[in-house]
Amino acid sequence: MTTYIDPSPSAAAAALESPTAAPASGAPAPGSAAAPAPRKPRQGLVHGLLSNSKAMVGAAILLVFIALALLAPVLFPGDPSRITDMAGLEPSAEHWLGTTAKGQDVMALTIHGARSSLLVGLTVGFASTFVGILVGLASAYFGKFIDEALSLVTNVFLLLPGLPLLVILAAFLPPGLGTVILVLIVTGWAGSARVLRSQALSIRSKDFVAAAVVSGERAGRIMFREILPNMASIVMGTLLACVIYGIGAQAGLEFLGLGDVSTVSWGNNLFWAGNEGALMTGSWWVFVPSGVCIALVAFALALINYAVDEVTNPRLRKIKPVSEGKAAK
Amino acid sequence: MRFILRRLGFYLIAFWVSITLNFLLPRFMPGDPVSRMFARSAGQMQPEQIEALRKLLGVDSRPIWEQYADYLHNIVTGNMGVSITRFPTPVTEVIASQIGWTLLLGGTALVIAAVVGNLLGILAAWRRGGAIDSALPPLLVFIGSFPYFWLAMGALYLFGVILGWSPLRHAFTDGLEPAFSWEFIGDAGAHLVLPALTIVLVSIGGWMLGMRNTMIATNAEDYITMAEAKGLKPGRIMFRYAARNAMLPSVTSFGMGLGFVVGGALLTEVVFAYPGVGYQLLNAVQGLDYPLMQGLFLTITAAVLLANFLVDILYVRLDPRVRAS
Numbered sequence: 193m194t195t196y197i198d199p200s201p202s203a204a205a206a207a208l209e210s211p212t213a214a215p216a217s218g219a220p221a222p223g224s225a226a227a228p229a230p231r232k233p234r235q236g237l238v239h240g241l242l243s244n245s246k247a248m249v250g251a252a253i254l255l256v257f258i259a260l261a262l263l264a265p266v267l268f269p270g271d272p273s274r275i276t277d278m279a280g281l282e283p284s285a286e287h288w289l290g291t292t293a294k295g296q297d298v299m300a301l302t303i304h305g306a307r308s309s310l311l312v313g314l315t316v317g318f319a320s321t322f323v324g325i326l327v328g329l330a331s332a333y334f335g336k337f338i339d340e341a342l343s344l345v346t347n348v349f350l351l352l353p354g355l356p357l358l359v360i361l362a363a364f365l366p367p368g369l370g371t372v373i374l375v376l377i378v379t380g381w382a383g384s385a386r387v388l389r390s391q392a393l394s395i396r397s398k399d400f401v402a403a404a405v406v407s408g409e410r411a412g413r414i415m416f417r418e419i420l421p422n423m424a425s426i427v428m429g430t431l432l433a434c435v436i437y438g439i440g441a442q443a444g445l446e447f448l449g450l451g452d453v454s455t456v457s458w459g460n461n462l463f464w465a466g467n468e469g470a471l472m473t474g475s476w477w478v479f480v481p482s483g484v485c486i487a488l489v490a491f492a493l494a495l496i497n498y499a500v501d502e503v504t505n506p507r508l509r510k511i512k513p514v515s516e517g518k519a520a521k
Numbered sequence: 211m212r213f214i215l216r217r218l219g220f221y222l223i224a225f226w227v228s229i230t231l232n233f234l235l236p237r238f239m240p241g242d243p244v245s246r247m248f249a250r251s252a253g254q255m256q257p258e259q260i261e262a263l264r265k266l267l268g269v270d271s272r273p274i275w276e277q278y279a280d281y282l283h284n285i286v287t288g289n290m291g292v293s294i295t296r297f298p299t300p301v302t303e304v305i306a307s308q309i310g311w312t313l314l315l316g317g318t319a320l321v322i323a324a325v326v327g328n329l330l331g332i333l334a335a336w337r338r339g340g341a342i343d344s345a346l347p348p349l350l351v352f353i354g355s356f357p358y359f360w361l362a363m364g365a366l367y368l369f370g371v372i373l374g375w376s377p378l379r380h381a382f383t384d385g386l387e388p389a390f391s392w393e394f395i396g397d398a399g400a401h402l403v404l405p406a407l408t409i410v411l412v413s414i415g416g417w418m419l420g421m422r423n424t425m426i427a428t429n430a431e432d433y434i435t436m437a438e439a440k441g442l443k444p445g446r447i448m449f450r451y452a453a454r455n456a457m458l459p460s461v462t463s464f465g466m467g468l469g470f471v472v473g474g475a476l477l478t479e480v481v482f483a484y485p486g487v488g489y490q491l492l493n494a495v496q497g498l499d500y501p502l503m504q505g506l507f508l509t510i511t512a513a514v515l516l517a518n519f520l521v522d523i524l525y526v527r528l529d530p531r532v533r534a535s
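Residue numbers (my numbering), protein chains in the order written: chain H, 193 to 521; chain X, 211 to 535.
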């Protein structure tokens with residue numbers, strides 16, 4: 193009953209959240225948290241994540257990419273997009289990933305590309321989660337008219353077709369990295385606001401919040417010190433989903449040629465690969481690395497997201513015995 | 211009835227927001243689009259084009275609310291101005307000639323993905339821990355991690371360039387006249403397969419996981435246990451008892467999917483040079499064809515809102531709880 197309160201747009205949020213439940217129960221790693229060890233009274237989120245294999249794998253992949261991004265100027269000094277005469281070389285000992293049609297080293301482009309892609313992804317992720325927190329908390333705490341108005345705005349933004357809106361905004365705004373970030377935040381915050389609002393609403397109705405209101409605490413303090421800490425896992429999940437969205441959407445926007453074409457990023461690498469007809473001439477090595485990098489980062493973030501879900505959502509553990517009982521029948 | 215009216219009001223507000231956004235964007239953005247366009251097409255524009263642009267982009271001296279009223283009037287009467295890149299074709303005509311292809315591509319992909327995905331989800335939930343349940347979700351999530359356009363280009367390279375199984379671009383072979391002949395339909399079908407398949411591949415995971423998760427909750431209901439106790443056939447319980455009740459969220463997703471068909475097929479259409487509204491939108495952006503851009507955006511938005519409204523109406527039929535409240 194409770195899950196169907198507001199049918200329509202919540203499906204987007206549900207779809208965002210739902211994959212998280214899948215591998216958790218689908219492929220129960222025997223050594224992980226699912227083991228019926230005597231449960232400690234209250235495990236912290238951080239501690240739970242540290243002992244979760246999915247989270248560790250995800251974090252390891254992510255750390256490697258962050259390290260590569262930071263070390264890019266050391267590993268490949270100089271401008272990676274400088275045009276040389278070694279055009280269209282296949283992967284070799286000298287150029288591990290070959291060169292583009294303009295003679296740029298693909299390895300250097302890919303590693304330098306991590307800088308812009310991760311920066312934009314993280315910025316967009318944090319900023320849209322932040323907006324989502326503000327809107328969601330204000331909506332849930334104040335209720336009534338403010339809630340109606342904020343929910344209306346959120347739902348309108350959720351419903352407006354994202355990709356065309358991205359394209360239109362990017363077309364009207366002056367090109368640049370700032371524009372890309374701004375546009376992605378504008379189109380990306382609504383989903384997180386919706387998820388966070390519904391969670392905040394359920395916490396808002398708890399007794400300790402009522403006690404805080406009665407004891408005369410200020411609104412800001414109740415929102416950020418009483419309600420927010422109790423939804424840490426949802427905030428974390430939202431943040432990860434937003435970062436995934438940011439990286440993917442940036443790549444898509446740049447692939448369409450609507451980003452800042454002068455920066456080196458994974459999306460722009462793919463844009464140039466398409467522009468120079470890398471695939472039509474058979475230079476797959478220009479095209480593959482950036483796509484694989486985006487996928488790896490997104491996959492790592494998704495892994496951490498599942499882990500957060502596994503650690504914090506007791507339902508994912510409780511469901512298991514039920515299904516085994518069913519199978520036994 | 212009240213529910214429907216409320217939803218209708220909401221969609222009207224949403225549509226008004228997108229119209230207003232469309233109106234405000236060119237007027238308040240830094241980097242005046244008109245001068246950008248003039249600079250680009252210096253001397254090649256006819257006076258009528260310049261006049262049309264000025265009007266549309268609000269480069270006139272009238273007060274803003276008067277322009278706004280004018281703009282609203284134009285939208286309501288279906289006058290979206292004249293395309294710049296295809297001067298002097300009206301924007302509405304350009305859109306009308308292309309929306310059919312988008313609906314064909316997106317509709318085909320959506321129906322296939324929804325049917326197959328939901329079936330897989332039902333099976334996965336019914337046999338939890340079975341082959342489908344343990345192998346497919348991680349695989350689909352992994353595929354879903356790749357940028358869609360990257361997968362589409364890879365598929366185009368593999369099946370179009372290397373294997374030569376699929377045509378490389380467009381919705382039908384150049385020079386063929388669109389007609390209701392077997393030849394043309396077959397040709398259009400051949401051009402449809404690969405783009406539609408790539409959409410199905412990336413979207414099927416969402417359908418499957420969504421259905422699986424709802425279905426697991428439904429399977430724990432008492433009436434399922436009751437049906438089993440009565441000794442009904444498993445197939446009957448699975449489809450008529452469990453899946454039927456777990457369908458509801460999928461109906462919502464279908465409405466949203468229907469909306470995304472129009473807007474979300476943009477990347478597909480760009481990769482496969484498929485002549486739909488998304489491809490046209492990118493062309494309009496690259497050609498700085500602002501009237502066409504705005505017309506396309508409004509059309510896409512209207513389609514999304516309409517699809518969602520239809521699903522809401524359907525919901526009233528399907529879910530008695532909505533009728534009661």
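Every residue gets a Cβ at the ideal spot worked out from N, C-alpha and C, and that includes glycine.
Check, Outcome
"Collapsed DSSP secondary structure at H/V456 in the structure displayed", "coil"
"Cross-strand partners of X/P300 (DSSP beta bridge)", "X/V292"
"Per-residue DSSP class, three states only, for H/T291", "strand"
"Opposing strand residues paired with H/D297 [DSSP bridges]", "H/T291"
"Collapsed DSSP secondary structure at X/E393 in the structure displayed", "helix"
"Inter-residue spacing [alpha-carbon to alpha-carbon] between H/G313 and H/Y437", "8 Å"
"Nearest-angstrom Cα separation, counted from H/D339 out to X/L346", "40 Å"
"Near-chain X residues of the region 442-465 of chain H (beta-carbon distance less than 9 Å), N- to C-terminal order", "A443, G444, F447, L448, G449, L450, W458, G459, L462 and A465"
"Amino acids of chain A, ordered along the chain, whose beta-carbon sits closer than 7 Å to that of H/L471", "The structure shown has no chain A; the protein chains it does contain are H and X."
"Neighbour flag for H/L355 against chain X, beta carbons, 8 Å", "yes"
"Min CB distance X/F394 to chain H below 8 Å", "no"
"N-terminal and C-terminal residue of the alpha helix (DSSP H) that X/P501 is part of", "Y500 to L528"
"Partners in chain X for H/A385, counting only beta-carbon separations shorter than 9 Å", "Near H/A385 there are no residues of chain X at all, since even the closest Cβ is about 16 Å away, more than 9 Å."
"Buried versus exposed call for H/V372 [16 or more other C-beta atoms within 10 Å across all chains shown]", "buried"
"Best match in H/L260, H/L358, H/T302 and H/E286 for proximity to H/P272 [C-alpha to C-alpha]", "H/T302"
"Alpha-carbon to alpha-carbon, H/A382 and X/L516", "20 Å"
"Buried or exposed by the 16-neighbour rule on C-beta atoms within 10 Å, applied to X/N429", "buried"
"Members of the region 405-417 of chain H near chain X, C-beta cut-off 8 Å", "none"
"Short CB-CB distance (under 8 Å) between X/W360 and chain H", "yes"
"Nearest residue (CA-CA) to X/Y221, options X/P530, X/Y525, X/F519 and X/V532", "X/F519"
"Rounded straight-line distance, which links the Cα of X/Y367 to that of H/P469", "Note that residue 469 of chain H is Gly in the sequence shown here, rather than Pro. Answer to the nearest angstrom: the Cα atoms are 11 Å apart."
"Cβ neighbour criterion (16 or more within 10 Å) applied to X/R533", "exposed"
"Proximity winner among X/A335, X/G291 and X/D397, relative to X/T424 (alpha-carbon distances)", "X/A335"
"Contact with chain X by H/N347, beta-carbon distance below 8 Å", "yes"
"Status (buried if at least 16 other CB within 10 Å, exposed otherwise) for X/S376", "buried"
"Nearest-angstrom Cα separation, counted from X/F464 out to X/R450", "20 Å"
"Proximity test, Cβ basis, 8 Å: X/F233 and chain H", "no"
"Chain X within 8 Å of H/F257, Cβ atoms only", "no"
"Chain X contacts made by the region 470-491 of chain H, where a contact means CB separation under 9 Å", "L471, M472, G474, W476, F479, V480, S482, G483, V484, I486, A487, L488, V489, A490 and F491"
"Backbone secondary structure at X/W417 - three-state DSSP", "helix"
"Chain-ordered chain H contacts of X/T287 [CB-CB under 9 Å]", "Near X/T287 there are no residues of chain H at all, since even the closest Cβ is about 22 Å away, more than 9 Å."
"Interfacial residues, the region 295-307 of chain H to chain X, with Cβ spacing under 9 Å", "none"
"Selected residue, minimal CA-CA separation from X/R216, among H/T455, H/W476, H/L254 and H/L344", "H/L344"
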